[in-house]
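J.: Chains as they are written, first to last, in my numbering: chain A, 3 to 611; chain B, 3 to 611. Quick reminder that beta carbons are idealized off the backbone N, C-alpha and C, glycines included. Pasting in a structure now, in structure tokens, and then I'll have a few things to ask.
Here you go:
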């Protein structure tokens, strides 16, 4: 088999240019990151009798400055009940080890661990379901062995050995999946081995003439950008998870970045990918910018969600750092006018690096996160004065706010700003300043922490997203909100929140993000189940309203039931045929994409072989 | 099986909006188009004792105006010997008909023909190999039956019937393939049925709000653009074959358009595709602009080259027609400076709609096509004066010329022009006027006719293309030219031409087109074989120099031998697994992409079933 492994990327590397990257995330992930929720351990919302704070100094709202507005807002929306801080378990399931595999790994001097804590914290991603279950220590099955390969060749060895010994493999990057895709299948009887790619995070080479770079797949977003920044470059891919998610994970899930208008989504950035499969390495032979050479198998790797193989090395486009980065914001009298304005900007293809539009509910929610430390101006207060004094007819309870990010050289940014504000003016969009724009983007990174705060206090919340053609954008937002409200009422849920925003715009449509949270009744035995029931209804409504099953989170396990209708039965069969071709023993047995009834019966299949 | 056929696109059609398109190409193709070469029957180069002309009034160089410079240029390059005009054969191979299939088709009242001429002219594409063989009436196997379905549902019926009766199907669009992809496999023993999509060319609906349109796949490029133009819109996809090639063909081959900098290549334009396969219809369920929903199977359809199924309906992006369309040209002291300038423009991502760069040899070739009718200024003469009088050091035998096409509103175009000419100035690029730019683009459409003129006079010529990273662009051009020259010398070929141009630019590289022609010795029994030997050497050199096997023509049959090394053995197996999944009987038996030794043995396979 080894002759199939084409190492021509590796051969072209100039060894002197390899850059080791000191990652912000240590191998002992749990020392820096929460195992029971999102993000840095030192960064979280916390609450005392009277006040709410965000701890740590990593984010502008942090430093334990009081957030009185957020407390007031939560007071209006929910009634809090405090739960205890989760404690890491002290006992763990015994690892199921495949003797030959385990011994060979040890002989190879591969970096490994069978420590319970190391295994426990890598059994899940970041869905509400995952976080709830990990806090309650409900996972029956956790990984049995963690491996930290150091390079592509290590991975080739691991995959070959796993295939020979029928050991299941899970590629683990940043652990930020919100589709259940990296969660251990709970009925897996084979030894489950996690390939943690975190120690495979080098910059292998950088080609400033062609503006391309080759990274190992385990590099974390913020490490990658910091490394490129030292060279005056950027890749420009900024998903909301950029602090923790990895290049390999972006490829596996078809990630989208906030600044895709300038830099493209992950499929536009990636030139060449190396994926190690049980049958050898899948890769195109050259780095040409565009080819016509039959079906594009890069597009099979993108979105394969860890089920076909593991990405090891990636050649990506890079760009010079922009000279100017400038924020902006706009206030529209209502969400409808905002959408019309975004649609016009997209039609004229003059989107700045990022343009996002919040509905009124989300605007108020965002405002509540304003600290009294003077970092952000008192937007609502000043805005209220402005709207009342200068412009009649803007209702603070109806307005919608867009945040803008411009990147380019000084002249370009000035031109862009001028054009955007001119167009906005025709849709009654008022300039609302840079600070408010910047604040919107800070919110992006902080919002994921709020889910965990809620969980501590009896509030379940989660976000989900879709893409939709322009003409259906508004009706989809309205329908989905109405659907959730109706489902809450049916269940007697009194305290809840539904809000949404447009986060990406395209020629033919947009990406819409929904946020939904509710306070569960103390007598509700399965709040996560209740949440999922409601989200399922909302999902059906999204599809009925012309939206897609996902714009960038992917299918994983939690959206598998909509996969067949999204890609047609023929599409499902095509995926299965690729799976059978590359992984007939289901070594990459994460069982994503397919429902239980659509799963390939590998046991029957392999008993026949 | 029929329940698998999801007709939800068809259901959403507003029947009142369907637009029948009167195609420029009639059903009796041979009445308008050459069966023995490229393009319109009335448009061709012809020659008398002393002069050379281009007939017909379709192109600016036509109207039988003498082209004295071209005669002189050819005189310098080659020595002409005149062959006779090809005559359509009067007898044809008896059609091999599958009785059940044929009778059912007749019962269905499907439009069909078993006429020898109809079958003969549809047995091939436009490779040199095809055209040489069709003129010499060398094809052993031609289609047995031609069908003209009128809509998606007709195609569904045909494919089902073919699958049931083991009849081979060939999708036939514009017949312009230059990869051998639609050429009948000469050893096919089953009945070969061509599905001619020309009568499936309607605009099904147009959505001006979302700027998307749904066309049937058989619509020809110029018909599509004319139909959209009536609505003030354009799709903007302009391959050099736009006069004859079809939307479905563009998808099957992963076509690239001249103006991709504004409108994108075909994969950027297509939102949703319906492909009829033997197992049902493959399509995504919604028209959302971007999704993360597992592997993207649109990308399996793109580049499938007629071997997995037949595309019937396509939803594409459209754009408002630009207010201004303006040509331009630049003269560089040499090709190297031109490439550096194009690279800088690409780096700054400010490419106009089209930017192309000719080497010196091609520049002179293009100049030779100047008529004496005053349509184009005497570029060389005026340029010579200009270069000699104002700028020292420009050698007419070394200069390289770029042609430019700007599209946008007046202000945008002015800005673009200013920027491009500013950048060009830094690379010693001199403005050379609009007329010369426009002339370069006319050449694009006329150049394919020259191959046929050559064939009439003992000159074999053909073009081929590749894509290459920027840093290897120049060395690839030099290496490939040297390789061809060396191969010509080895074979004692005295009269030949090799020239090249950069036709597309990207962030990470460019597309390069080569033109190669030579006069064959009267004692050469197989000039096409000789040509192919030399092109094969050139191909190997392209790959060795870091180029791809194809930027946009595809693999087909003539480039199959490089497919495996381009996509890795795993890639070949993935293609095969998709083929086996969708078409286990090889109904779409064109046998493209795979070499003879890599072909799936369907006979053995099906005898086992």
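Starting from the C-beta of residue 320 of chain A, find all residues in its chain whose C-beta is less than 7 Å away, skip the five residues before and the five after it, and write them out in chain order.
T.: So the list reads 213, 214, 215, 230, 235, 236 and 237, once near-sequence residues are dropped.
J.: Give the C-beta separation of residue 332 of chain A and residue 426 of chain A to the nearest angstrom, bearing in mind that I take them to be a contact with Cβ-Cβ under 8 Å.
T.: Confirmed, Cβ separation roughly 5 Å.
J.: Would you give the residue range spanned by the beta strand (DSSP E) that residue 405 of chain A belongs to?
T.: 402-410 is the span of the beta strand (DSSP E), which, as asked, contains residue 405 of chain A.
J.: Checking 7 Å against the spacing of the C-beta atoms, do residue 144 of chain A and residue 187 of chain A come in under that value?
T.: Not closer than 7 Å, so no.
J.: Taking the alpha-carbon positions, what's the residue 566 of chain B to residue 139 of chain A distance?
T.: Taking the straight line joining both Cα atoms gives about 49 Å.
J.: According to DSSP, simplified to helix, strand and coil, what is residue 112 of chain A?
T.: If DSSP states are grouped into helix, strand and coil, residue 112 of chain A belongs with coil.
J.: Please list the segments of the alpha helix (DSSP H) lying wholly inside the segment 222-268 of chain B, counting only runs of 4 or more residues, in order along the chain.
T.: Correct list: 223-231, 249-255 and 262-265.
J.: If contacts are defined as beta-carbon pairs under 8 Å, then residue 468 of chain B and residue 552 of chain B qualify, I think. What distance do you get, rounded to the angstrom?
T.: Contact flag correct, Cβ pair sits at about 7 Å.
J.: Taking the beta carbon of residue 511 of chain B as the centre, do at least 16 other beta carbons fall within 10 Å, making it buried, or is it exposed?
T.: Buried, by the Cβ-count rule.
J.: Using 7 Å as the limit for Cβ to Cβ distance, is residue 371 of chain A near chain B?
T.: Residue 371 of chain A does not count as touching chain B.
J.: From which residue to which residue does the alpha helix (DSSP H) around residue 479 of chain B run?
T.: Its alpha helix (DSSP H) spans residues 472-492.
J.: Determine, using beta carbons only, whether residue 272 of chain A and residue 326 of chain A come nearer to each other than 7 Å.
T.: Taking 7 Å as the Cβ cut-off, residue 272 of chain A and residue 326 of chain A do not qualify as a contacting pair.
J.: Any beta carbon from chain D within less than 7 Å of residue 287 of chain A's own beta carbon?
T.: Here the protein chains are A and B, and chain D is not one of them.
J.: Please work out which residues of its chain come closer than 7 Å, Cβ to Cβ, to residue 104 of chain A, disregarding the five sequence neighbours upstream and downstream, and give them in chain order.
T.: So the qualifying residues of the chain are 147.
J.: By how many angstroms is the C-alpha of residue 544 of chain A removed from the C-alpha of residue 57 of chain B?
T.: Distance between the alpha carbons of residue 57 of chain B and residue 544 of chain A: 58 Å.
J.: Suppose you measure from the CA of residue 22 of chain B to the CA of residue 302 of chain B; what does that come to, to the nearest Å?
T.: One C-alpha to the other measures close to 29 Å.
J.: Mind checking who residue 501 of chain B pairs with in its DSSP beta bridge?
T.: BP columns for residue 501 of chain B point to B:517.
J.: Under the DSSP definition of a beta bridge, which residues are partnered with residue 426 of chain A?
T.: BP columns for residue 426 of chain A are empty, so no partner.
J.: Would you say residue 138 of chain B lies against chain A (beta-carbon separation less than 7 Å)?
T.: So, not an interface residue.
J.: Along the chain, which unbroken stretches of the alpha helix (DSSP H) at least 4 residues long are found entirely within the segment 182-208 of chain B?
T.: Whole alpha helix (DSSP H) segments, 4+ residues: zero.
J.: Looking at chain B, is there any beta carbon in it that lies within less than 7 Å of the beta carbon of residue 471 of chain A?
T.: Yes, contact with chain B.
J.: Between the Cα of residue 98 of chain A and the Cα atoms of A:163, A:134, A:408 and A:121, which residue gives the shortest distance?
T.: That would be A:121, whose Cα lies nearest to the Cα of residue 98 of chain A.
J.: Taking any Cβ of chain A, which residues in the segment 348-366 of chain B have a Cβ under 7 Å from it, in chain order?
T.: Cβ contacts with chain A come from 349.
J.: With H, G and I counted as helix, E and B as strand and the rest as coil, what does DSSP make of residue 537 of chain A?
T.: Correct three-state label for residue 537 of chain A: helix.
J.: Buried or exposed, going by whether 16 or more other CB atoms sit within 10 Å of the CB of residue 546 of chain B?
T.: That one is exposed.
J.: Between residue 585 of chain A and residue 38 of chain B, what straight-line distance do the alpha-carbon atoms span, to the nearest angstrom?
T.: The alpha-carbon atoms of residue 585 of chain A and residue 38 of chain B are separated by roughly 48 Å.
J.: Of the residues that make up the segment 555-566 of chain B, which ones have a beta carbon closer than 7 Å to any beta carbon in chain A?
T.: Per Cβ criterion, the list reads 555, 556, 557 and 565.
J.: According to the neighbour-count rule (16 or more other Cβ atoms, all chains shown, within 10 Å of its Cβ), is residue 559 of chain B buried or exposed?
T.: The residue is buried, with at least 16 neighbouring Cβ atoms inside 10 Å.
J.: Locate the beta strand (DSSP E) running through residue 459 of chain A, then write down its first and last residues.
T.: No beta strand (DSSP E) contains residue 459 of chain A, which DSSP labels as neither H nor E.
J.: Quick check on the DSSP output: the beta strand (DSSP E) that includes residue 356 of chain B runs from which residue to which?
T.: Residue 356 of chain B -> beta strand (DSSP E) spans 356-360.
J.: Is residue 277 of chain A near residue 250 of chain A, with beta carbons less than 7 Å apart?
T.: In this structure, residue 250 of chain A does not lie closer than 7 Å to residue 277 of chain A by Cβ.
J.: What span of residues does the alpha helix (DSSP H) with residue 573 of chain B cover, start to end?
T.: 565-584 is the span of the alpha helix (DSSP H), which, as asked, contains residue 573 of chain B.
J.: If you follow the alpha helix (DSSP H) that residue 340 of chain A is in, where does it begin and where does it stop?
T.: It spans 337-349 - the alpha helix (DSSP H) in which residue 340 of chain A sits, taken as one unbroken run.
J.: In whole angstroms, what is the alpha-carbon distance linking residue 132 of chain B and residue 182 of chain B?
T.: About 7 Å.
J.: Does the segment 251-269 of chain A come within contact of the segment 285-292 of chain A, defined as at least 3 CB pairs closer than 8 Å?
T.: The answer is no - the segment 285-292 of chain A does not touch the segment 251-269 of chain A, with fewer than three Cβ pairs under 8 Å.
J.: Would residue 284 of chain A pass as a contact of residue 570 of chain B if the rule is Cβ separation under 7 Å?
T.: It is a contact, given that the beta carbons lie within the stated cut-off.
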